[in-house]
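Protein chains: 2
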Amino acid sequence: MKLVLATRNQHKVAELSRILAAAGLDAEVVDASAYPSVPDVAETGATFAENALSKARAFAAATELPAVADDSGLCVDALNGMPGILSARWSGRNGDDQTNLELVLDQVADVPDDRRGAAFVCAAALVLPSGEERVVEGEIRGRLVRVPRGEGGFGYDPIFQPDGDTRTTAEMSAEEKDAISHRGRAFRALVPVIGELLG
Amino acid sequence: MKLVLATRNQHKVAELSRILAAAGLDAEVVDASAYPSVPDVAETGATFAENALSKARAFAAATELPAVADDSGLCVDALNGMPGILSARWSGRNGDDQTNLELVLDQVADVPDDRRGAAFVCAAALVLPSGEERVVEGEIRGRLVRVPRGEGGFGYDPIFQPDGDTRTTAEMSAEEKDAISHRGRAFRALVPVIGELLG
């Protein structure tokens, strides 16, 4: 079985490949860089699921392969679930990880410890060339620390401490983070769907 | 009847005085500048109502006068109701009106016209020295424009266009804005409460 993953992020490709292999699904995952002619899809949906589905639809249509796409972000309780779908551009369209992270920390600077809950949320969509489509979600709950810690990961990892751990996700190894991450959970939730539709 | 309004903003004092006079309530409104020893209350509540109540409680306790306080902000649908209680510090604690407004515009830059709804919301609290307290809310619905317009008002006025109008609230006279504003509505909703408890 061959799947296209609608991303150029090789870390995601490796993670999905590992998860499919661990589940005993014999799948070759190719990524967006193999299909440079597929235009970028504007992430203008109102939810992670809508954005993941839009990307997967574009790749399924262009490649005639089953397509997987994900969209994810940080949902902060004290910000009513934002940055959410705007996580990658929270400080504006030209914002980078560091600027986005500092803005969130500034915005919740006065929020007391007992209201600093947050979650990383990921929607993963599977769209078949036939038009059949499914979407699943994965989530990891935690809280925002006050001072960034750790050099690993990316995005908001340095300020997110999962429940039950004393480290931020930026202080974990890639393998540790994969095992508990929102994206890992969403990709694993996709395994039985892939098995059902394509197995 | 004498009331203390927990603000140093003379525009708010004049507005509340006008509204009380128009309702036939004979009230003298004094403001926070007459009580410099009352410490600033940290606005760390989770809602406009909590923040308004905290400020009114502090002034009622310190002055032994009936105290009115308000808290208000811009609630953007596409930001799940944020900036909300963080409106005045959306770009960080040292942010100013212009920086805050530009950040909101940047964050919703990709949000299509049919999802740019927003509301200005104001909670107004009345707390008596006896400990009795009430809180009311006022709201005005509208949408975010893409380019700031108008020199009047303050805060997010240049990007907020009320439903049924083609102008932003920054393009209205102070009197026009008072007549429809969230704060005007909240203060007017407070009139019967003041009449009941103090009339």
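Chains P and V supply the protein sequences, listed in that same order.
Under my numbering, think of the first position of the first sequence as 3, with each following residue one higher.
Under my numbering, think of the first position of the second sequence as 3, with each following residue one higher.
Glycine is no exception: its CB is placed at the ideal position from the N, C-alpha and C atoms.
_Within 10 Å of its beta-carbon, does F122(V) have 16 or more other beta-carbons around it, so buried, or fewer, so exposed?_
The Cβ neighbour count for F122(V), taken over all protein chains shown within 10 Å, is at least 16; the residue is labelled buried.
_Does chain V have any CB closer than 8 Å to the CB of R117(P)?_
Interface residue, yes.
*asked:* Once DSSP output is grouped into helix, strand and coil, what is the label at R145(P)?
replied: Under the three-state reduction of DSSP, R145(P) is assigned to strand.
*What does Q163(P) pair with, by DSSP beta-bridge criteria?*
When beta bridges are read from the DSSP output, Q163(P) appears opposite R145(P).
*Below 8 Å between beta carbons is the criterion; list the residues of the stretch 154-187 of chain P that meet it against any residue of chain V, in chain order.*
Listed in sequence order: no entries.
*Reduced DSSP secondary structure (H/G/I, E/B, other) of G86(V)*: Secondary structure of G86(V) (DSSP, three-state): helix.
_Interface partners of P114(P) on chain V, CB under 7 Å_ = Below the 7 Å Cβ cutoff, chain V contributes T46 as neighbours of P114(P), in chain order.
*Taking C-beta pairs closer than 9 Å, name the residues in chain V that A111(P) reaches, listed in chain order.*
Under the 9 Å cutoff, chain V gives R91, G94 and R95.
*Residue from A69(V), D28(V), G26(V) and T9(V) with nearest C-alpha to E134(V)*: Out of A69(V), D28(V), G26(V) and T9(V), A69(V) has the C-alpha closest to the C-alpha of E134(V).
*DSSP-derived helix/strand/coil call for V193(P)*: DSSP places V193(P) in helix when its eight states are reduced to three.
*Quick one: measure Cβ to Cβ for D73(V) and N53(V), integer angstroms, because I've assumed they're closer than 8 Å.*
Correct: roughly 4 Å between the Cβ atoms.
*Quick one: Cα of G186(P) to Cα of P160(P), how far?*
C-alpha separation (whole angstroms): 18 Å.
_Endpoints, the alpha helix (DSSP H) within which F61(V) is located_ = Unbroken alpha helix (DSSP H) run through F61(V): F50 to T65.
*Classify G186(V) as helix, strand or coil using the three-state DSSP reduction.*
Under the three-state reduction of DSSP output, G186(V) falls in the helix class.
*At least one CB of chain P closer than 8 Å to the CB of D98(V): is that the case?*
So no, D98(V) is outside the interface.
*If you draw a straight line from the alpha carbon of R91(P) to that of R117(V), how long is it in whole angstroms?*
Cα-Cα distance, rounded: 18 Å.
*So, T171(P) versus V147(P), is the Cβ gap smaller than 8 Å?*
Contact: no.
_Within chain V, the residues that D72(P) reaches when beta carbons sit closer than 9 Å_ = Residues of chain V passing the Cβ test: none, with the nearest at roughly 19 Å.
_With distance defined between alpha-carbon atoms, name the residue in V149(P), L22(P) and Y37(P) nearest to M3(P)._
Comparing C-alpha distances from M3(P) to each of V149(P), L22(P) and Y37(P) shows the shortest one belongs to L22(P).
*Under the DSSP definition of a beta bridge, which residues are partnered with V138(P)?*
When beta bridges are read from the DSSP output, V138(P) appears opposite A126(P).
_Give me the DSSP bridge partner(s) of A69(P)._
Within the DSSP bridge table, the entry for A69(P) names V6(P) and V129(P) as partners.
*Roughly how many angstroms lie between the CA atoms of E177(V) and G201(V), to the nearest whole one?*
E177(V) and G201(V) have their C-alpha atoms roughly 27 Å apart.
*Does any C-beta atom of chain V lie closer than 8 Å to the C-beta of G144(P)?*
Cβ-Cβ to chain V under 8 Å: no for G144(P).
*Does the distance from the C-beta atom of L103(P) to that of Y158(P) stay below 8 Å?*
By the CB criterion at 8 Å, L103(P) and Y158(P) fall inside the cutoff.
*D108(P) touches chain V at which residues, Cβ-Cβ below 7 Å?*
Ordered by position in chain V, the residues that pass the 7 Å Cβ test against D108(P) are G94 and R95.
*L103(V) versus chain P: which residues are under 8 Å apart at the beta carbon?*
Ordered by position in chain P, no residue passes the 8 Å Cβ test against L103(V), which lies about 12 Å from the chain.
*Would you verify that the beta carbon of G83(V) is, or is not, closer than 8 Å to some beta carbon of chain P?*
The Cβ of G83(V) sits closer than 8 Å to at least one Cβ of chain P.
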